[in-house]
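J.:
There are 2 protein chains.
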Amino acid sequence: MSEQVLRKGDEITLDFGQHLVGYVTLSLLNVRSNADAPLRLKLTFGEMPCEVGEDFATYEGWLSRSWLQDEIVNVDVLPGTITLNRRYAFRYLKLEILETSIRYDLQLKEVFCTTVTSASMDAITPLPASVDEELVQLDQVSIHTLRDCMQTVFEDGPKRDRRLWIGDLRLQALVNYETFGCNDLVKRCLYLFAGSRLEGGQVGACLYEKPEPYVDDIYLYDYSLFFITTLWDYYEATKDRDTLEVLWPVAKEQVDIALKRLDKRGIVQDDETWYCFLDWHEQLNKQAGAQAVLIYGLKKALCIAREMGLSEQVEQLQTQIRRAEEAALQFLWDEEQGFFMSGEQRQVSWASQVWMILAEVVDVEVARALLQRLKGYYEAIPMNTPYMMHHYVEALLQCGQQQEALDQIRTYWGGMIKDGADTFWELYNPEDKTYSPYGSNLINSYCHAWSCTPSYFIRRYFAGEEG
Amino acid sequence: MSEQVLRKGDEITLDFGQHLVGYVTLSLLNVRSNADAPLRLKLTFGEMPCEVGEDFATYEGWLSRSWLQDEIVNVDVLPGTITLNRRYAFRYLKLEILETSIRYDLQLKEVFCTTVTSASMDAITPLPASVDEELVQLDQVSIHTLRDCMQTVFEDGPKRDRRLWIGDLRLQALVNYETFGCNDLVKRCLYLFAGSRLEGGQVGACLYEKPEPYVDDIYLYDYSLFFITTLWDYYEATKDRDTLEVLWPVAKEQVDIALKRLDKRGIVQDDETWYCFLDWHEQLNKQAGAQAVLIYGLKKALCIAREMGLSEQVEQLQTQIRRAEEAALQFLWDEEQGFFMSGEQRQVSWASQVWMILAEVVDVEVARALLQRLKGYYEAIPMNTPYMMHHYVEALLQCGQQQEALDQIRTYWGGMIKDGADTFWELYNPEDKTYSPYGSNLINSYCHAWSCTPSYFIRRYFAGEEG
Numbered sequence: 007m008s009e010q011v012l013r014k015g016d017e018i019t020l021d022f023g024q025h026l027v028g029y030v031t032l033s034l035l036n037v038r039s040n041a042d043a044p045l046r047l048k049l050t051f052g053e054m055p056c057e058v059g060e061d062f063a064t065y066e067g068w069l070s071r072s073w074l075q076d077e078i079v080n081v082d083v084l085p086g087t088i089t090l091n092r093r094y095a096f097r098y099l100k101l102e103i104l105e106t107s108i109r110y111d112l113q114l115k116e117v118f119c120t121t122v123t124s125a126s127m128d129a130i131t132p133l134p135a136s137v138d139e140e141l142v143q144l145d146q147v148s149i150h151t152l153r154d155c156m157q158t159v160f161e162d163g164p165k166r167d168r169r170l171w172i173g174d175l176r177l178q179a180l181v182n183y184e185t186f187g188c189n190d191l192v193k194r195c196l197y198l199f200a201g202s203r204l205e206g207g208q209v210g211a212c213l214y215e216k217p218e219p220y221v222d223d224i225y226l227y228d229y230s231l232f233f234i235t236t237l238w239d240y241y242e243a244t245k246d247r248d249t250l251e252v253l254w255p256v257a258k259e260q261v262d263i264a265l266k267r268l269d270k271r272g273i274v275q276d277d278e279t280w281y282c283f284l285d286w287h288e289q290l291n292k293q294a295g296a297q298a299v300l301i302y303g304l305k306k307a308l309c310i311a312r313e314m315g316l317s318e319q320v321e322q323l324q325t326q327i328r329r330a331e332e333a334a335l336q337f338l339w340d341e342e343q344g345f346f347m348s349g350e351q352r353q354v355s356w357a358s359q360v361w362m363i364l365a366e367v368v369d370v371e372v373a374r375a376l377l378q379r380l381k382g383y384y385e386a387i388p389m390n391t392p393y394m395m396h397h398y399v400e401a402l403l404q405c406g407q408q409q410e411a412l413d414q415i416r417t418y419w420g421g422m423i424k425d426g427a428d429t430f431w432e433l434y435n436p437e438d439k440t441y442s443p444y445g446s447n448l449i450n451s452y453c454h455a456w457s458c459t460p461s462y463f464i465r466r467y468f469a470g471e472e473g
Numbered sequence: 007m008s009e010q011v012l013r014k015g016d017e018i019t020l021d022f023g024q025h026l027v028g029y030v031t032l033s034l035l036n037v038r039s040n041a042d043a044p045l046r047l048k049l050t051f052g053e054m055p056c057e058v059g060e061d062f063a064t065y066e067g068w069l070s071r072s073w074l075q076d077e078i079v080n081v082d083v084l085p086g087t088i089t090l091n092r093r094y095a096f097r098y099l100k101l102e103i104l105e106t107s108i109r110y111d112l113q114l115k116e117v118f119c120t121t122v123t124s125a126s127m128d129a130i131t132p133l134p135a136s137v138d139e140e141l142v143q144l145d146q147v148s149i150h151t152l153r154d155c156m157q158t159v160f161e162d163g164p165k166r167d168r169r170l171w172i173g174d175l176r177l178q179a180l181v182n183y184e185t186f187g188c189n190d191l192v193k194r195c196l197y198l199f200a201g202s203r204l205e206g207g208q209v210g211a212c213l214y215e216k217p218e219p220y221v222d223d224i225y226l227y228d229y230s231l232f233f234i235t236t237l238w239d240y241y242e243a244t245k246d247r248d249t250l251e252v253l254w255p256v257a258k259e260q261v262d263i264a265l266k267r268l269d270k271r272g273i274v275q276d277d278e279t280w281y282c283f284l285d286w287h288e289q290l291n292k293q294a295g296a297q298a299v300l301i302y303g304l305k306k307a308l309c310i311a312r313e314m315g316l317s318e319q320v321e322q323l324q325t326q327i328r329r330a331e332e333a334a335l336q337f338l339w340d341e342e343q344g345f346f347m348s349g350e351q352r353q354v355s356w357a358s359q360v361w362m363i364l365a366e367v368v369d370v371e372v373a374r375a376l377l378q379r380l381k382g383y384y385e386a387i388p389m390n391t392p393y394m395m396h397h398y399v400e401a402l403l404q405c406g407q408q409q410e411a412l413d414q415i416r417t418y419w420g421g422m423i424k425d426g427a428d429t430f431w432e433l434y435n436p437e438d439k440t441y442s443p444y445g446s447n448l449i450n451s452y453c454h455a456w457s458c459t460p461s462y463f464i465r466r467y468f469a470g471e472e473g
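Residue numbers (the working numbering), protein chains in the order written: chain Z, 7 to 473; chain H, 7 to 473.
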């Protein structure tokens with residue numbers, strides 16, 4: 007590289023060989039003669055080849071184009087070494103030499119990235135030798151994904167958003183307990199959410215860290231309830247009773263807020279707004295899924311109340327759970343079709359079925375049959391994200407279908423690796439590989455927190471010494 | 007300003023009220039909602055309205071477009087305050103809001119420039135009350151021009167080049183002695199030139215300061231000789247005998263090198279290359295001017311040799327001067343036409359006549375008649391720069407034509423002020439106001455060292471208490 011002469015108008019793309027998050031330094035040398043005018047460079051960073059191959063001017067998505075990582079840099083002094091002051095998430099770097107002068111050309115003497123993460127690779131326990139190569143690779147890619155998202159908070163994606171979302175945090179924390187064990191970072195995130203809530207007391211869907219930590223005004227029904235489940239998971243992993251006790255009132259408040267949304271029947275009220283996440287799908291109705299996440303959250307709250315010996319609250323929660331489950335079975339379960347129905351249009355979706363199973367609204371036998379039936383029901387609204395796929399795998403495991411769960415991991419996350427993933431992607435629909443909920447796959451995140459869960463499954467369920 | 011809401015696609019231009027050189031800070035606030043994506047701004051700095059009014063994409067000059075001062079800046083954290091890390095020379099700042107997000111707009115809470123200079127305005131002696139308003143203004147604009155060019159060296163222009171050119175240094179130093187009296191900066195520049203010469207021992211035409219001081223490979227016959235004259239001017243202003251003694255060998259070497267270019271007749275050899283500057287004009291032949299600058303330089307060298315009591319060198323220089331003058335009169339002077347001729351085509355130019363007068367090749371009476379004749383000779387190659395105009399005014403003064411010199415200052419530099427100059431321009435041809443030797447007036451420098459000499463004339467010749 008160092009000998010190649012770059013002239014005005016030239017363009018080169020460097021492949022750093024793996025996904026990186028950090029600060030880039032370029033060492034630049036003028037050749038032929040003195041640099042009698044500034045050097046003007048365009049740098050385009052891409053997690054994926056499409057980002058360095060397509061023209062950002064064609065971008066028409068609805069998320070801000072400012073997430074696309076390109077810079078125009080003017081360098082006043084050559085030879086010189088510059089370190090760009092923004093952090094980038096990338097594997098590819100396209101360099102365009104916009105301007106030199108009639109007197110000089112350029113050589114790139116050195117380019118490197120000073121990576122940043124709060125995860126230590128030293129903390130990772132190697133998988134037993136019995137684990138096959140494919141799972142080792144799935145584990146490795148998961149770990150790299152999580153590593154690159156672990157900064158001063160668990161970011162959802164180091165390229166786009168870079169924020170702490172509680173839906174992502176919950177899954178990242180689960181993987182973290184099995185890998186980096188950086189539990190103080192989970193604690194920090196829980197306190198950030200607890201300490202910066204919305205005006206009504208709700209835990210917000212996401213947080214900004216800078217200039218001072220503050221909560222975004224996005225409220226999502228399921229995400230607020232995940233504060234409870236993330237707190238319980240954290241306690242199970244750490245036995246940090248202090249944090250459990252300090253944060254329990256916030257968790258309990260989420261229960262109370264969530265229950266207020268129930269209608270007279272005891273069902274979560276549906277509406278046209280973006281009140282609940284579940285998955286990215288334009289047609290997906292959220293009512294049944296929201297009801298299921300409520301029940302799931304109530305059950306985690308019950309675990310906490312029991313652990314803390316809060317008998318009155320235990321009793322209260324048991325009642326609330328029973329009512330929510332009964333309402334779900336009475337009003338959402340369609341005995342004839344054998345599916346949970348969501349919304350006025352009585353929509354059948356994978357999200358609704360999976361969450362009802364995770365919430366244990368039906369017993370294992372019914373659940374197993376339900377999933378089997380679902381696979382043959384092509385009208386069901388499908389899954390679009392690794393986030394939803396995680397919950398499906400979790401549901402399979404809950405039904406005792408280990409082999410099917412493992413196959414799913416190999417097919418789905420393994421499919422991303424076959425398609426070139428160094429880190430797991432925010433979005434992956436094998437049927438529509440350029441799927442984006444944002445109007446352009448250029449803006450998709452290709453190292454995304456919620457997609458790193460194969461390590462959790464592999465290390466928790468599939469890496470026993472017995473193989 | 008702070009209340010105006012800026013949306014994606016909006017553009018505003020700020021007028022800072024005067025020419026500034028320094029570092030710009032912007033304080034930015036998101037409004038409507040959170041800044042959930044980076045802000046992407048385009049900033050265009052202009053010394054002149056044309057720079058913020060015309061599209062740089064249309065630029066087709068031969069100097070690098072990288073001198074045009076525009077930046078694309080991505081701001082990750084809002085609200086936030088950013089200071090751009092490059093120095094700009096500007097009065098106008100155009101801000102284009104390239105990207106916000108669907109959730110937020112922008113307010114500009116504060117913008118300021120932290121100016122830099124090595125000149126102290128406190129050092130300036132006010133002009134006597136007898137000096138008229140127009141001269142006070144000419145003096146003020148000159149002083150601002152010099153101030154903005156005075157950094158760690160005397161730069162030629164704080165926008166473009168930003169280098170130490172010896173042709174500019176010579177004039178800046180003359181103005182400096184009458185104004186800021188920052189004589190150590192002149193000394194530093196002399197030592198930089200002396201300490202970083204070309205391989206043949208020539209003082210280079212210009213220097214770069216960074217990353218380490220080094221000389222450019224441009225050699226100009228007249229500019230090398232100006233080392234001698236600048237050293238003598240410095241000594242006259244400071245009586246710093248140490249510097250005179252240390253740098254005399256370098257000055258003497260310039261004499262020896264310059265004399266080697268003489269042909270058998272004792273005339274500077276002409277060629278097609280850019281071997282001598284004199285002025286920006288495509289047709290200008292440099293031979294006669296070069297010969298005149300040689301004689302001018304030899305005479306300054308003689309002053310130094312005399313001051314240092316170097317009798318042998320005094321004698322040698324007197325001989326060299328006599329020969330060069332005789333050659334000029336014999337081979338370049340056309341008695342019939344009454345002009346000095348330059349080059350094979352026997353070209354008549356203002357530059358040749360003015361420099362022959364400054365070199366005192368003809369006596370005052372002849373010089374005065376020569377200038378008078380020149381004004382009526384429309385075929386003569388005209389002057390294009392304030393640099394050349396300075397020498398013309400100097401020639402008028404040398405001929406005792408004080409009033410005409412003053413009129414010229416009022417008309418020419420006063421014309422720039424009438425045309426909107428806050429600082430004097432690199433190029434000004436009242437007959438062709440968009441004149442540029444670089445193919446575009448966008449790239450012209452509008453605060454330029456060699457144009458700041460009205461203060462020198464006013465304070466030295468026209469600000470006596472007698473008015």
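Just so it is clear, CB atoms sit at the ideal spot from N, CA and C, and this is done for glycine as well. Since the model is a prediction, treat every value here as computed from it, not as a measurement.
What does a CB cutoff of less than 8 angstroms around VAL122(Z) pick up in its chain, not counting 5 residues either side in sequence?
T.: By 1-based counting over the first sequence, the position of residue 122(Z) is 116. Once the five neighbours on either side are set aside, the close Cβ partners of VAL122(Z) are VAL27, GLY28, TYR29, ARG93 and GLN157.
J.: Going by the CB atoms, is the gap between PRO217(H) and VAL117(Z) shorter than 8 angstroms?
T.: Taking the first sequence and counting its residues from 1, one reaches residue 117(Z) at position 111. Taking the second sequence and counting its residues from 1, one reaches residue 217(H) at position 211. The answer is no: Cβ separation not under 8 angstroms.
J.: Taking 8 angstroms as the CB-CB limit, is ARG312(Z) close to chain H?
T.: Counting from 1 along the first sequence, the entry for residue 312(Z) is found at position 306. It does not: the Cβ of ARG312(Z) has no partner Cβ on chain H nearer than 8 angstroms.
J.: Indicate the three-state DSSP secondary structure (helix, strand or coil) for GLU472(H) in the structure shown.
T.: Along the second sequence, one-based indexing puts residue 472(H) at 466. Annotation note: pLDDT 46 at GLU472(H) (below 50); position unreliable, coordinate value reported separately. In the structure shown, GLU472(H) sits in coil (DSSP, three-state: anything other than H, G, I, E or B).
J.: How about HIS396(H) and LEU177(H): do their beta carbons lie closer than 8 angstroms?
T.: Counted from its first residue, the second sequence places residue 396(H) at position 390. Counted from its first residue, the second sequence places residue 177(H) at position 171. For HIS396(H) and LEU177(H), yes; Cβs fall inside 8 angstroms.
J.: Might you give, ordered along the chain, the residues of its own chain that have their beta carbon closer than 8 angstroms to the beta carbon of ARG503(Z), omitting 5 neighbours on each side?
T.: Because chain Z in this structure spans residues 7 to 473, residue 503(Z) falls outside the shown range and cannot be described.
J.: Please list, in chain order, all residues of the same chain as ASN36(H) whose beta carbon is under 7 angstroms from its beta carbon, the five residues on each side excluded.
T.: Walking along the second sequence from the start, residue 36(H) turns up at place 30. Result list for ASN36(H): LEU84, PRO85, TYR110 and LEU112, in chain order.
J.: What residues from chain H crowd round GLU77(Z), counting only those whose CB sits closer than 8 angstroms?
T.: Position 71 of the first sequence holds residue 77(Z). Within 8 angstroms Cβ-Cβ: ILE78 and ASN80.
J.: With burial defined as no fewer than 16 other Cβ atoms inside 10 Å of the residue's Cβ, what is the status of ARG374(H): buried or exposed?
T.: In the second sequence, the residue the question calls residue 374(H) occupies position 368. Buried is the call here.
J.: What does the Cβ neighbour count give for PRO44(H), buried or exposed, with the cut at 16 atoms within 10 Å?
T.: By one-based count along the second sequence, residue 44(H) stands at place 38. With 16 or more other Cβ atoms within 10 Å, it is buried.
J.: What residues from chain H crowd round VAL105(Z), counting only those whose CB sits closer than 7 angstroms?
T.: Taking the first sequence and counting its residues from 1, the one referred to as residue 105(Z) is at position 99. Correcting the residue identity first, residue 105(Z) is Glu in this sequence and not Val. Simply SER70, ARG71 and SER72.
J.: Are any of the Cβ atoms in chain H nearer than 8 angstroms to that of ASN40(Z)?
T.: As a first step, residue 40(Z) is located in the first sequence; it is residue number 34 there, counting from the start. Taking Cβ atoms only, chain H reaches closer than 8 angstroms to ASN40(Z), which makes this a yes.
J.: Throw me the rounded Cβ distance for the LEU32(H) and LEU114(H) pair, which I believe falls under 8 angstroms.
T.: Sequence index remark: in the second sequence, residue 32(H) carries index 26 (1-based). Sequence index remark: in the second sequence, residue 114(H) carries index 108 (1-based). Indeed, because the Cβ distance is near 7 angstroms, the residues count as touching under 8 angstroms.
J.: Find the residues of chain H that neighbour ASP223(Z), judging by a C-beta separation of less than 8 angstroms, and give them in chain order.
T.: In the first sequence, residue 223(Z) corresponds to position 217, counting from 1. Simply SER39 and ASN40.
J.: Would you list the one or two residues that DSSP bridges to CYS56(Z)?
T.: Here residue 56(Z) refers to the residue found at position 50 of the first sequence. The partner list for CYS56(Z) (beta bridge, DSSP) is empty, contrary to what the question assumes.
J.: Quick check: is the beta carbon of LEU45(Z) nearer than 8 angstroms to any beta carbon in chain H?
T.: Residue mapping note: residue 45(Z) aligns to position 39 of the first sequence, counting from 1. It does: the Cβ of LEU45(Z) has a partner Cβ on chain H nearer than 8 angstroms.
J.: When you measure from the CB of GLN75(Z) to every non-hydrogen atom of the ligand GDP, does any distance come out below 7 angstroms?
T.: Questions concerning the ligand GDP fall outside what the structure shown contains, since it holds no ligand whatsoever.
J.: Check whether the Cβ of ILE108(H) lies closer than 8 angstroms to any Cβ atom in chain Z.
T.: Walking along the second sequence from the start, residue 108(H) turns up at place 102. With 8 angstroms as the cut-off, ILE108(H) counts as an interface residue toward chain Z.
J.: Closest by CA to VAL274(Z), which one among PHE337(Z), ALA63(Z), HIS454(Z) and LEU99(Z)?
T.: For this step, residue 274(Z) is matched to residue 268 along the first sequence. Ranking the options by Cα distance to VAL274(Z), first place goes to PHE337(Z).
J.: Quick check on DSSP: helix, strand or coil for TRP171(H)?
T.: Reading the second sequence from its first residue, position 165 is the one you call residue 171(H). Strand, per DSSP.
J.: For ARG13(H), decide whether its Cβ has a neighbour in chain Z, counting only Cβ atoms nearer than 8 angstroms.
T.: For the purposes of this step, residue 13(H) is identified with residue 7 of the second sequence, where counting begins at 1. No, ARG13(H) lies away from the interface with chain Z (no Cβ there is under 8 angstroms from its Cβ).
J.: Taking C-alpha atoms, which residue in ALA455(Z), GLN378(Z), CYS453(Z) and PHE463(Z) lies nearest to ARG416(Z)?
T.: Within the first sequence, the letter at position 410 stands for residue 416(Z). Of the listed residues, the one whose Cα sits closest to ARG416(Z) is PHE463(Z).
J.: Rounded to whole angstroms, what is the Cα-Cα separation between GLU472(Z) and GLN378(Z)?
T.: The residue labelled residue 472(Z) in the question sits at position 466 within the first sequence. The residue labelled residue 378(Z) in the question sits at position 372 within the first sequence. Any reading at GLU472(Z) must be qualified, since the residue scores a pLDDT of 46, below 50, and its modelled position is unreliable; no value is offered.
J.: In chain H, which residues lie with their C-beta within 8 angstroms of the C-beta of VAL83(Z)?
T.: Within the first sequence, residue 83(Z) is the residue found at index 77, counting from 1. Per Cβ cutoff of 8 angstroms: LYS216 and PRO217.
J.: Give a yes or no on whether the C-beta atoms belonging to GLY207(Z) and ASP222(Z) are separated by under 8 angstroms.
T.: Start at 1 with the first residue of the first sequence, and residue 207(Z) comes out as number 201. Start at 1 with the first residue of the first sequence, and residue 222(Z) comes out as number 216. No, they are not a contact pair.
J.: Does the structure place the stretch 335-354 of chain Z close enough to the stretch 308-315 of chain Z that three or more beta carbon pairs sit under 8 angstroms?
T.: No, they do not touch.
J.: Using a Cβ cut-off of 7 angstroms, which residues of the stretch 82-102 of chain Z contact any Cβ in chain H, in chain order?
T.: Hits within the stretch, in order: ASP82, VAL83, PRO85, GLY86 and ARG92.
J.: Under a CB-based cut-off of 8 angstroms, is GLU472(H) close to chain Z?
T.: Here residue 472(H) corresponds to residue number 466 of the second sequence, with the count starting at 1. Low local confidence applies: a pLDDT of 46 at GLU472(H) is under 50, so the model's placement there is unreliable, with the coordinate-based value given in what follows. Not an interface residue.
J.: Check whether the Cβ atoms of ASN390(H) and TRP286(H) sit closer than 8 angstroms, and answer yes or no.
T.: Within the second sequence, the letter at position 384 stands for residue 390(H). Within the second sequence, the letter at position 280 stands for residue 286(H). Yes; because the gap between Cβ atoms is below 8 angstroms, this pair is in contact.
J.: What's the call for TRP68(Z), buried or exposed, on a 16-neighbour Cβ count within 10 Å?
T.: Mapped onto the first sequence, residue 68(Z) falls at position 62. Per the 10 Å Cβ criterion, exposed.
J.: In this structure, does DSSP put GLU24(H) in helix, strand or coil?
T.: The sequence position of residue 24(H) within the second sequence is 18, counting from 1. For the sequence presented, residue 24(H) should be read as Gln rather than Glu. Residue state, collapsed to three classes: strand.
J.: Quick check on this structure: which residue in LYS258(Z), PHE345(Z) and TRP171(Z) has the alpha carbon closest to the alpha carbon of TYR383(Z)?
T.: Walking along the first sequence from the start, residue 383(Z) turns up at place 377. Of the listed residues, the one whose Cα sits closest to TYR383(Z) is PHE345(Z).
J.: Could you tell me the distance, in whole angstroms, from the CA atom of GLY147(H) to the CA atom of GLU242(H)?
T.: Here residue 147(H) refers to the residue found at position 141 of the second sequence. Here residue 242(H) refers to the residue found at position 236 of the second sequence. For the sequence presented, residue 147(H) should be read as Val rather than Gly. Cα-Cα distance, rounded: 26 angstroms.
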